[in-house]
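Q:
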Amino acid sequence: MAERKKRNSALLKTIITIVMAVFAVIMVIPFIWMISTSFKVNGDVFKYPIDWIPKKWHFENYREVWTGSNPFYIFYINSIKITGITVAGNILTSAMAGYAFAKIKFKGRNVLFLMYLSTMMIPGQVLLVPRFILFDWMKLINTHYSLILPGLFTVFGTFLMRQFFSTLPNELMEAGRVDGAGYWRTFWQICLPLTKPALVTLFILTFTWHWNEYENPLIFLRDRDLYTLPLGLTSYVEEFGTNYVLTMAASVSALLPLLVLVVVCQKWFVEGIASSGLKG
Amino acid sequence: MRQLWRRASFRENLAGYLFILPNLSGYFLFVLLPILFSLYLVFNDWEYLKGFSGISWVGLDNFKALGSDPKFLKALQNNTIFTVVSVPASIILGLVLAVILNKHVYFKNTLRTLIFLPYVSSLVAVSVIWSIMYRASDGPINQVLRNFGISHPPGWLSSPDSALFAIIIMSVWVTIGYAMVIYLAGLQGISKDLYEASEIDGASKLRQFFRITVPMLTPTTFLIAITLIIWSFQVFGPVAVMTQGGPIDSTMVLSYHIYLLAFRYYKMGYAAAVSWVLFAIIFVVTLIQWQSQKRWQQHF
Amino acid sequence: MKKAFSASASFVLAISLLLSGCGKGGNNEESPAASASASPSESASEASALPADGKAITLKFWGGVPPESGPQNVVDTWNKANPDIQVEYTRYVNDDPGNLKLETALLSNTDAPDLFMTYGDDRMTKRQEAGMTEPLDDLIAQAGFDVDGIIGSENIKKFPDGKYYYLPANKNIGAVLINMTALEAAGEKIPASWSWDEFAALATKLNKGEMKGTTLDPALSTFGDLVLQTAKAKDSYIAEDGKSNFNSPALKKGMELQKSLEDQGIMMKYSEAVAGKITVQNELLTGKAAMSASQIYIIRYIKDVQNFPHDFKIGFAPYPQFTAGGNVNPGGGMGDYMSINKNSKNKEAVMKFMSWYLQEGNMGMTPGGRIPSSKKADAAQIASILIGEDKNLIDEESLKAMLAGSYTFPTSYDVPVPTELKAVYREELEKYLLGAQPIDKAVETMKSRGDSTIQGAKK
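The structure is reproduced here in structure tokens:
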């Protein structure tokens, strides 16, 4: 009986896996197109019917992207530097602020938090020029600081961390206090380790955003040697039309680190609180 | 002083402010300052090519102009449709996928990665791909539809009837991964004991889902809902790359309207006014959500 | 205890990191240095070019053409010959965000461009009105640059104060490009002078199977615009009475021409072309369309057989005319407006470079399909650079005839609110082409909206 139940659930699991696999394949079809295009020549990009597998593989597109007149490795290094520093700093400031908003009852907490939230609601387009003027005045224009500094303090990160800290039971804090731990130790040693999945999530999300950020770098950076990957992609926008094959080869190249990152982070997802045995 | 320090509430306040201080200081400088400036612009005309000397006071004129701006009204309507359709779709699909991919499949990690892939890639590249997939006469989507015997497939981006929905489909495709990942993180926080206890009570999986999973995920849902609503009211990239608001304004959205006003027509003051109206709308929606979340949480 | 210590230590570290980050913000010396060392080729040429006293001026030059399609070569040539005035080229993409980048850079106090290109009369007018550009008359006199002899003052916009604010570096030539194989198969020859009706007839004849009769890049032009320009080359959107010209019979004819070609399947539908990001080079060179009303710049793609493998020749015909005997050249005319930033500290040096660029330097842009604006440029040399090795892909005779012709180029120097008027035209055109309104309604709405837009701007 138990044997059969086990076999049934294995069968069910297989069926669900297949359904999900089909769904996943549909989700990635555009990427298959992207990869296949990156090996073609421009004249074949819009051919009908589509050649999903290129007739001839043009690896030279990648050679052009990496070693051509707009060498991609410079943009890579810049993106890694900016994104790395920004994300690390942002996680720290967000976790601290999120913890305070969720677990420390200080005066004006809700009003301040609502103010925080509301500033997410102003569309970035109108802030672009005011921000430019501010940064120009601070002499940050055409430096990586213009991207790193504002990225260290994000409302979204604070919001995300607040929501996750608020799911932790208050008894944890009280237990910590009984042990004589101060605010910082309660935060750093007791609560923070429990939000590992949230931290990993914040890490992936903010990494993704900064990696792909386009408008701010466009306005703030001028020297090509300071460009980030999305700005590097504009090198393939010609005067009349776009060089699609190089754009796609560059996009695939830009996507790879993110892909690796997501795969690596999966491991930490699984070791969540559930496995660390938190009592509800 | 010492007495003050002994007071628990004082220490609590101090700790709270010290914890948010790093974030708050940057917030004031880089977020609030430009926002306050944009608030000032609402009452002005600003031809920013002239620098600060291009600012001239116009009082409430910018708001008066809103009522007779057909594009603004059309954009408002499109944004509402966009939000009402895309946000619930992303949340529901994201939740279902998260629950399934949390446990019930083989190759969990691979499947999660594939579904999350659209979200991590650059929106500009993805929009280019979709605009090619959507091509009416020779795009792959319509090719498939014709193979299934549909002789007049939709015009997608080229028809005013379907363009907005084409963009909604693409946006949901992107944000499913976002909702799924945050829900996955949220699911890790639910204690196994809850499920074990209800299993002993003989509750079915479906009942467990609605009685344990959904309520326990309320803060997570709140987070996802708020952020998705904000972003869907600010949707910009796909419209800018794929349709530029057309055909016949059928995909004109507020942020693209703002963008055109500011940078194509150089009406920075009016653009700021539209932005603040957009802000007011999202703010009210958020407040309603905020209140209902409180009620939800009290419920449990 | 140890853990607590390390935790608080990291906290302090983080705070100090943030603070130092803020503090260091004011000092951006290190980035230009880093940028110079990162590109070996540039720094090498700079090093060899530095004069003995080490006081070279560096000029920042911004333009919309990718550096590898000409500008880098031109600038390198100059830098080698002029060690005391070094020019650095920065490319901005000529779209809305790219122009925003240029304009904010011009407002900036650090590393602002000294010299920049503007594309289009509308943007030029905006920048001049905003006071971003330096009046050039004194500098021109100082440099001894002969505007009339080299460019011709009739080819430059007169601003209200009578001064020059830009000098054009490029002369565009519009042409109808035709797939010669398809043309011969249809038993036709390249027309020398023709009407728009004859154009439609030829498109119909060339339309065979998978190959459409004609195509346009909807981001660049529509038939309404083109026909209107051949009827009224000067300020085509404005009628003689100062009101909008949208009730012109030429505009109506062009719109109807496009609608009828679309309805018969001779050209791709406008909304599909917009959504599908159609470009002339792709349609023409992959055999999806036989003919296109476009410009000479397509030559750079014709020669790019790596990306557009094809074996047919492309021929060049002059634009069809609205009135017989006209010689208007839509899409053609002066372009690449060079202006000097009002805040530049090295205006004389910029003028020196500009004067060289306009007389010699811009010849280096010809392989990319840009023809120098100079009257003294050698037409035969231009033709041979344009064609290069590809005589089997370019119909030499018709190209040379095209280059030798003299044309009336459309200008829009004195159109008020050009961006807004274009939007009015495009919106009503789109509704008409999608069948949402009949032609008369479209024209009527355009006219009244256009008039009130102009009226509103005058207030």
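Protein chains in written order, with the working numbering: chain A, 14 to 293; chain B, 145 to 444; chain C, 126 to 584. Beta carbons: idealized from backbone N, C-alpha and C, even for Gly.
Thinking just about the alpha-carbon of each residue, which of C/GLN253, C/ALA268, C/ILE303 and C/PRO316 is nearest to the one in C/GLY287?
A: Locating residue 287 of chain C in the third sequence gives position 162, where the first residue counts as 1. The candidate whose alpha carbon is nearest that of C/GLY287 is C/GLN253.
Q: Mind checking if A/TYR249 is an interface residue toward chain B, Cβ cutoff 8 Å exclusive?
A: For the purposes of this step, residue 249 of chain A is identified with residue 236 of the first sequence, where counting begins at 1. Output row for A/TYR249: interface = no.
Q: Is the Cβ of A/VAL142 closer than 8 Å to any Cβ of chain C?
A: For the purposes of this step, residue 142 of chain A is taken as residue 129 along the first sequence, with counting starting at 1. Judged by the 8 Å Cβ criterion, A/VAL142 is in contact with chain C.
Q: Is the shortest distance between the beta-carbon of A/ASN21 and the beta-carbons of chain B less than 8 Å?
A: Mapped onto the first sequence, residue 21 of chain A falls at position 8. So no, A/ASN21 is outside the interface.
Q: Note down, in chain order, each residue of its chain lying with its Cβ closer than 8 Å to the Cβ of C/SER396, except the 5 sequence neighbours on either side.
A: Here residue 396 of chain C refers to the residue found at position 271 of the third sequence. Closer than 8 Å at the Cβ level, and outside the excluded window around C/SER396, lie GLU555, LEU558 and LEU559.
Q: Determine, for B/THR387, whether the minimum Cβ-Cβ distance to residues of chain C falls below 8 Å.
A: On the second sequence, residue 387 of chain B is found 243 positions in, with the first residue counted as 1. It does: the Cβ of B/THR387 has a partner Cβ on chain C nearer than 8 Å.
Q: For B/GLN378, is the classification buried or exposed, using 16 other Cβ atoms within 10 angstroms of its Cβ as the cut-off for buried?
A: Taking the first residue of the second sequence as 1, we reach residue 378 of chain B at position 234. Under this definition B/GLN378 is a buried residue.
Q: Whose Cβ in chain A lies nearer than 7 Å to the Cβ of B/GLU140?
A: Residue 140 of chain B is absent from the structure shown; chain B starts at 145 and stops at 444.
Q: Expressed to the nearest angstrom, what Euclidean distance is found between the alpha-carbon atoms of B/ASN246 and B/TYR414?
A: What you label residue 246 of chain B is simply residue 102 of the second sequence in a count that begins at 1. What you label residue 414 of chain B is simply residue 270 of the second sequence in a count that begins at 1. Distance between the alpha carbons of B/ASN246 and B/TYR414: 48 Å.
Q: Identify whether B/ILE393 lies in helix, strand or coil by the three-state DSSP scheme.
A: Taking the first residue of the second sequence as 1, we reach residue 393 of chain B at position 249. Here the sequence assigns Asp to residue 393 of chain B, which means Ile is not the residue at that position. The answer is coil: DSSP assigns B/ASP393 none of H, G, I, E or B.
Q: On the DSSP bridge list, what partners appear for A/ARG235?
A: Here residue 235 of chain A refers to the residue found at position 222 when the first sequence is read from its first residue. Looking at the DSSP assignment, A/ARG235 forms no beta bridge with any residue, so it has no partner.
Q: Are C/SER318 and C/PRO443 touching if we call contact CB-CB under 8 Å?
A: Along the third sequence, read from residue 1 onward, the residue named residue 318 of chain C stands at position 193. Along the third sequence, read from residue 1 onward, the residue named residue 443 of chain C stands at position 318. Yes. Within cutoff.
Q: Which of the three DSSP states is assigned to C/TYR291 in this structure?
A: Taking the first residue of the third sequence as position 1, residue 291 of chain C is located at position 166. In this structure, C/TYR291 counts as coil in the three-state DSSP scheme.
Q: Please report the Cβ distance between A/VAL258 and A/VAL41, rounded to the nearest whole angstrom; I am assuming they are in contact, meaning their Cβ atoms lie under 8 Å.
A: For the purposes of this step, residue 258 of chain A is taken as the residue at position 245 of the first sequence. For the purposes of this step, residue 41 of chain A is taken as the residue at position 28 of the first sequence. Contact doesn't hold; Cβ gap of about 20 Å is too wide.
Q: Three or more C-beta pairs under 8 Å: does that hold for the segment 383-395 of chain B against the segment 295-313 of chain B?
A: Touching, per the Cβ criterion.
Q: Go through its chain and collect everything with a Cβ distance to C/GLN420's Cβ below 6 Å, but skip five positions before and after it.
A: By one-based count along the third sequence, residue 420 of chain C stands at place 295. Here the set comprises ASN297, GLY299 and GLY456.
Q: Would you please verify whether the beta carbon of C/LEU225 is less than 8 Å from any beta carbon of chain A?
A: If you number the third sequence from 1, residue 225 of chain C lands on position 100. Yes, because at least one Cβ of chain A sits closer than 8 Å to the Cβ of C/LEU225.
Q: Residues in the same chain with beta-carbon distance under 7 Å from A/GLN279, minus the five sequence neighbours each way, listed in chain order, please.
A: Residue mapping note: residue 279 of chain A aligns to position 266 of the first sequence, counting from 1. Excluding sequence neighbours, A/GLN279 sits near nothing in its chain.
Q: Which word fits A/MET128, buried or exposed, when buried means at least 16 other C-beta atoms lie within 10 angstroms of its C-beta?
A: Position 115 of the first sequence, counted from the start, is the residue given in the question as residue 128 of chain A. Its Cβ having fewer than 16 others within 10 Å, A/MET128 is exposed.
Q: Measure the alpha-carbon distance for B/THR357 versus B/SER394 and round it to whole angstroms.
A: Along the second sequence, one-based indexing puts residue 357 of chain B at 213. Along the second sequence, one-based indexing puts residue 394 of chain B at 250. Roughly 39 Å between the two C-alpha positions.
Q: Which same chain residues end up closer than 8 Å to C/PRO260 when comparing Cβ atoms and leaving out the 5 residues on each side of it in sequence?
A: Position 135 of the third sequence holds residue 260 of chain C. Contacts found: ASP286, LYS288, TYR289 and TYR290.
Q: Please classify C/LYS394: is it buried, with 16 or more other beta-carbons within 10 angstroms of its beta-carbon, or exposed?
A: Here the question's residue 394 of chain C lines up with position 269 in the third sequence. With 16 or more Cβ atoms within 10 Å of its Cβ, C/LYS394 is classed as buried.
Q: When you compare the CB positions of A/TYR227 and A/ILE117, do they come within less than 8 Å of one another, or not?
A: If you number the first sequence from 1, residue 227 of chain A lands on position 214. If you number the first sequence from 1, residue 117 of chain A lands on position 104. No, they are not a contact pair.
Q: Bridge partners for A/THR106 per DSSP, in chain order?
A: On the first sequence, position 93 is the one that residue 106 of chain A refers to. Note: A/THR106 sits in no beta bridge, so no partner.
Q: I'd like the list of long-range same chain contacts for C/ASN280, defined as Cβ closer than 6 Å, with 5 residues on each side in sequence excluded.
A: As a first step, residue 280 of chain C is located in the third sequence; it is residue number 155 there, counting from the start. Closer than 6 Å at Cβ, skipping near neighbours: MET459.
Q: Since B/ASP189 sits in a beta bridge, which residues does DSSP pair it with?
A: For the purposes of this step, residue 189 of chain B is identified with residue 45 of the second sequence, where counting begins at 1. In the DSSP output, where bridge partners are listed per residue, B/ASP189 has B/SER200.
Q: Within 8 Å (strictly less), CB to CB, does B/ALA416 reach chain A?
A: In the second sequence, residue 416 of chain B corresponds to position 272, counting from 1. Output row for B/ALA416: interface = yes.
Q: Shortest alpha-carbon distance to A/LEU162 belongs to which of B/SER399, B/ILE312, B/SER212 and B/LEU173?
A: Mapped onto the first sequence, residue 162 of chain A falls at position 149. Nearest option by C-alpha distance: B/LEU173.
Q: Quick one: Cα of B/LEU180 to Cα of A/LEU140, how far?
A: Residue numbering aside, residue 180 of chain B sits at position 36 when the second sequence is read from its first letter. Residue numbering aside, residue 140 of chain A sits at position 127 when the first sequence is read from its first letter. If I take the Cα positions, the gap works out to 10 Å.
Q: Taking all protein chains shown into account, decide if C/LYS205 is buried (16 or more other Cβ within 10 angstroms of its Cβ) or exposed.
A: Stepping through the third sequence from its first residue, residue 205 of chain C is reached at position 80. Exposed, since its Cβ has fewer than 16 Cβ neighbours within 10 Å.
Q: So if DSSP puts C/GLY591 in a beta bridge, which residue, or which two residues, is it bridged to?
A: Given that chain C is displayed from residue 126 to residue 584, the structure contains no residue 591 of chain C and the question cannot be resolved.
Q: Residues bridged to C/GLN211 by DSSP?
A: Along the third sequence, one-based indexing puts residue 211 of chain C at 86. According to DSSP, C/GLN211 bridges with C/THR183.
Q: Which residue or residues does DSSP assign as beta-bridge partners of C/THR340?
A: Position 215 of the third sequence holds residue 340 of chain C. Answer is C/SER417, bridged to C/THR340.
Q: Nearest chain C C-beta to A/LYS68 closer than 8 Å, yes or no?
A: Here residue 68 of chain A refers to the residue found at position 55 when the first sequence is read from its first residue. No, A/LYS68 lies away from the interface with chain C (no Cβ there is under 8 Å from its Cβ).
Q: Quick one: what's got a C-beta closer than 7 Å to A/PHE177's C-beta in the same chain, skipping five residues either side?
A: Residue 177 of chain A sits at position 164 when you count from the first residue of the first sequence. If we look at A/PHE177 and ignore the five residues flanking it on each side, its Cβ neighbours are THR208 and ALA211.
Q: Indicate whether the contact test is met: 3 or more Cβ pairs, each with one atom in the segment 228-235 of chain B and one in the segment 360-369 of chain B, closer than 8 Å.
A: Touching, yes, given that three or more Cβ pairs across the two stretches are closer than 8 Å.
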